[in-house]
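Quick notes on the structure that follows.
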Amino acid sequence: MYIQTLSAFALTSMFLILYSPFAARLGLLDRPGARKIHAGHIPLIGGVSIYCTLLVLLPAFTTLDSSLLWYLCASGLLVLFGVLDDRKSISIKVRVLVEIIAGLMMVYGAGLWVFDLGNLLGFREFYMPLWLSLPFTIIAVFGITNAWNMIDGMDGLAGILTLISLGSYYFLTYGSGSNSVLPSLMLGATAAFLLFNVSNNRLIPKVFLGDAGSKLIGFTLVWLLIDCTQGGSLTRQHLPATLALFIVAVPLIDMVATTIRRGRKGLPPFAPDRTHVHYILERAGLNQQEILFMVGSAAIVVNLSGILLYHLGAADWILFALFWGFTLFHFATIEHAWKLSRWLHRKIG
Numbered sequence: 016m017y018i019q020t021l022s023a024f025a026l027t028s029m030f031l032i033l034y035s036p037f038a039a040r041l042g043l044l045d046r047p048g049a050r051k052i053h054a055g056h057i058p059l060i061g062g063v064s065i066y067c068t069l070l071v072l073l074p075a076f077t078t079l080d081s082s083l084l085w086y087l088c089a090s091g092l093l094v095l096f097g098v099l100d101d102r103k104s105i106s107i108k109v110r111v112l113v114e115i116i117a118g119l120m121m122v123y124g125a126g127l128w129v130f131d132l133g134n135l136l137g138f139r140e141f142y143m144p145l146w147l148s149l150p151f152t153i154i155a156v157f158g159i160t161n162a163w164n165m166i167d168g169m170d171g172l173a174g175i176l177t178l179i180s181l182g183s184y185y186f187l188t189y190g191s192g193s194n195s196v197l198p199s200l201m202l203g204a205t206a207a208f209l210l211f212n213v214s215n216n217r218l219i220p221k222v223f224l225g226d227a228g229s230k231l232i233g234f235t236l237v238w239l240l241i242d243c244t245q246g247g248s249l250t251r252q253h254l255p256a257t258l259a260l261f262i263v264a265v266p267l268i269d270m271v272a273t274t275i276r277r278g279r280k281g282l283p284p285f286a287p288d289r290t291h292v293h294y295i296l297e298r299a300g301l302n303q304q305e306i307l308f309m310v311g312s313a314a315i316v317v318n319l320s321g322i323l324l325y326h327l328g329a330a331d332w333i334l335f336a337l338f339w340g341f342t343l344f345h346f347a348t349i350e351h352a353w354k355l356s357r358w359l360h361r362k363i364g
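What follows is the structure, given as structure tokens:
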């Protein structure tokens, strides 16, 4: 693992340094605006750099079986259209279609789909027939991929949450006789991106993930989680599907909460706004370091809770109930923070 992770860290760092000067020529710059208050024009090359690292190192460290080849094709499709979206926004219909195609490549190409949900309600194991598992898998791919895309709104946030999720995944699957190359490479590549993303050093150019990067990470996580909960080829392990919810809990819950808040306002689900958890906490008076610490700590607590209960032999329905408990707690806490932020802005204004 260590050689793979360090190699990915070094190669991604090299790509980030090499690609940064060309970002302006390619039109891959994030400019400040109404919702984007960063200083200067920031290269949107994080996703491209991470994907190039995977293209180089995956075949160097492992045999590219059918599953990994399909992963590279599907994730490459998302990166390609993510770059096009970063360069010049493409329509929501095209974005949705591309994500559905990536999901279908996972199902029909790699043979990965969600069919075993476990004993969610405490009565019996729930296995979905193909006609139900196919749309469920596409929704899962679409949801988690976009959850990471939506949470990527503050320096360091997406990177920290990704490292926590990958760390939890690796802890759960390590020692199972699995092929750990993909998560190990993603761990190193994400760590390199995070270093550049939070950089204030002239020698280390500041970069953003862009839609290409956030969707690549989200798609990779959902691929890994479906594989390890449905007995795929990477891990040959069958973890409870409910446990996967804990690994991606914070971005997933935030996406659902944000979608509900937009629905209350009569806005489309993917309408850009500043109602994500990090924006609300910012409006409530927290600075960036405090927000990263709070959201990152919450992710660690949720991940560790799921892992601990799993190792204690907790039933699926207990894990599922606890996840919903965390979800309701998030809704209540963020609703309070939202009201506080509105009160503060009215008072200041």
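For the sequence shown, this note's numbering begins at 16 and goes up steadily by one. Idealized CB from N, CA, C, for every residue including glycine.
Can you round the beta-carbon distance between Gly-61 and Phe-308 to whole angstroms, since I take them to be within the 8 Å contact cut? The residue labelled residue 61 in the question sits at position 46 within the sequence shown. The residue labelled residue 308 in the question sits at position 293 within the sequence shown. Actually they do not touch by this definition, with Cβ atoms about 22 Å apart.
With distances taken Cα to Cα, identify the nearest neighbour of Thr-237 among Asn-302, Asn-215, Ala-264. Residue 237 sits at position 222 when you count from the first residue of the sequence shown. According to the sequence displayed, residue 237 carries Val and not Thr. Nearest of Asn-302, Asn-215, Ala-264 to Val-237, Cα basis: Ala-264.
Can you look up Asp-100 in the DSSP assignment and give me helix, strand or coil? Counted from its first residue, the sequence shown places residue 100 at position 85. In the structure shown, Asp-100 sits in a helix (DSSP, three-state: H, G or I).
Once the 5 residues before and after Ser-28 are set aside, which same chain residues still bring their CB inside 6 Å of it? Along the sequence shown, one-based indexing puts residue 28 at 13. Only Ala-207 meet the Cβ criterion.
Return the Cβ separation of Val-292 and Ile-232 in integer angstroms, given the expectation that the two are a contact with Cβ distance under 8 Å. On the sequence shown, residue 292 is found 277 positions in, with the first residue counted as 1. On the sequence shown, residue 232 is found 217 positions in, with the first residue counted as 1. 18 Å between Cβ atoms; not a contact.
Quick one: Cα of Leu-70 to Cα of Asp-100, how far? Counted from its first residue, the sequence shown places residue 70 at position 55. Counted from its first residue, the sequence shown places residue 100 at position 85. Their Cα atoms are separated by approximately 21 Å.
Using a Cβ-Cβ cut-off of 6 Å (strictly less than) and excluding sequence neighbours within five positions of Leu-202, which residues of its own chain qualify? Position 187 of the sequence shown, counting from 1, holds the residue named residue 202. Answer for Leu-202: Thr-20, Leu-181, listed in chain order.
When DSSP labels each residue in this structure, what does Pro-283 get in the three-state scheme? If you number the sequence shown from 1, residue 283 lands on position 268. In this structure, Pro-283 counts as coil in the three-state DSSP scheme.
Spatial neighbours of Ile-52 within its chain, please: C-beta separation below 7 Å, excluding the five flanking residues on both sides. For this step, residue 52 is matched to residue 37 along the sequence shown. Because Ile-52 carries a pLDDT of 46, less than 50, the predicted location of this residue cannot be relied on, and the following value inherits that uncertainty. So no residue of the chain qualifies.
Where Ile-52 falls: helix, strand or coil (DSSP): By one-based count along the sequence shown, residue 52 stands at place 37. With a pLDDT of 46 at Ile-52, under the threshold of 50, the modelled position of that residue is not reliable, and the figure given next carries that caveat. In this structure, Ile-52 counts as coil in the three-state DSSP scheme.
Please identify the residue among Ser-81, Pro-266, Leu-324 whose C-alpha is closest to the C-alpha of Gly-174. Looking up residue 174 in the sequence shown gives position 159. Nearest C-alpha to Gly-174: Pro-266.
Following a CB-centred definition, is Arg-298 positioned closer than 7 Å to any heavy atom of the ligand ADP? The ligand content of the structure shown is nil, which means the ligand ADP is not present either.
Which residues in the same chain have their Cβ closer than 8 Å to the Cβ of Ile-315, if we skip the five residues on either side of it in sequence? Taking the sequence shown and counting its residues from 1, the one referred to as residue 315 is at position 300. Taken in chain order, the residues that qualify are Ile-179.
Under 8 Å between the Cβ atoms of His-345 and Ala-272? As a working note, residue 345 is residue 330 in the sequence shown. As a working note, residue 272 is residue 257 in the sequence shown. The answer is yes: Cβ separation under 8 Å.
Taking buried to mean at least 16 other C-beta atoms within 10 Å of its own C-beta, is Leu-145 buried or exposed? Within the sequence shown, the letter at position 130 stands for residue 145. Exposed: under 16 other Cβ atoms inside 10 Å.
Contacting residues, own chain, Cβ-Cβ under 7 Å from Asp-167 (five flanking each side not counted): Reading the sequence shown from its first residue, position 152 is the one you call residue 167. Ala-173, Leu-224, Ser-229.
Hey, quick one: how far does the alpha helix (DSSP H) through Asp-242 stretch, first residue to last? Mapped onto the sequence shown, residue 242 falls at position 227. It spans 225-244 - the alpha helix (DSSP H) in which Asp-242 sits, taken as one unbroken run.
Alpha carbon of Ser-183 to alpha carbon of Leu-149, nearest angstrom: Your numbering for residue 183 matches position 168 in the sequence shown. Your numbering for residue 149 matches position 134 in the sequence shown. Distance between the alpha carbons of Ser-183 and Leu-149 is about 27 Å.
Where does Asp-226 land, buried or exposed, given buried means 16+ other C-beta within 10 angstroms? Counting from one through the sequence shown, the residue named residue 226 turns up at place 211. Buried is the call here.
For my contact list, Val-156 and Ala-117 are in at a C-beta cut-off of 8 Å; report their separation, rounded to the angstrom. In the sequence shown, the residue the question calls residue 156 occupies position 141. In the sequence shown, the residue the question calls residue 117 occupies position 102. The Cβ separation is near 7 Å, so the contact holds.
Comparing alpha-carbon positions, which option in Leu-127, Thr-160, Val-213 lies nearest Leu-83? Against the sequence shown, residue 83 aligns to sequence position 68. The shortest C-alpha separation from Leu-83 is found at Leu-127.
Could you check if Leu-310 is buried or exposed, using at least 16 other CB atoms within 10 Å of its CB as the buried criterion? The residue given as residue 310 occupies position 295 in the sequence shown. Note on identity: in this sequence residue 310 is Val, with Leu being the wrong assignment. Val-310 should be labelled buried.
Can you pull the DSSP bridge partners for Asp-131? Start at 1 with the first residue of the sequence shown, and residue 131 comes out as number 116. Note: Asp-131 sits in a beta bridge opposite Tyr-142.
Quick check: the segment 328-335 against the segment 128-144, are there 3 or more CB pairs under 8 Å? The segment 128-144 and the segment 328-335 touch, with three or more beta-carbon pairs separated by less than 8 Å.
Closer than 8 Å by C-beta to Tyr-34: which residues in its own chain qualify, once you throw out the five before and the five after it? Chain order, please. Taking the sequence shown and counting its residues from 1, one reaches residue 34 at position 19. Counting only Cβ-Cβ distances below 8 Å, and skipping sequence neighbours, we find Pro-58, Ile-60, Val-63, Ser-64.
Distance between beta carbons of Leu-197 and Leu-44, contact taken as under 8 Å: Counting from one through the sequence shown, the residue named residue 44 turns up at place 29. Counting from one through the sequence shown, the residue named residue 197 turns up at place 182. Their Cβ separation, rounded to whole angstroms, is 30 Å, which puts Leu-44 and Leu-197 out of contact at 8 Å.
Gly-190 versus Leu-119: straight-line alpha-carbon distance, rounded: Stepping through the sequence shown from its first residue, residue 190 is reached at position 175. Stepping through the sequence shown from its first residue, residue 119 is reached at position 104. The predicted model places Gly-190 with a pLDDT of 45, which falls under 50 and marks its position as unreliable, so this point remains unresolved.
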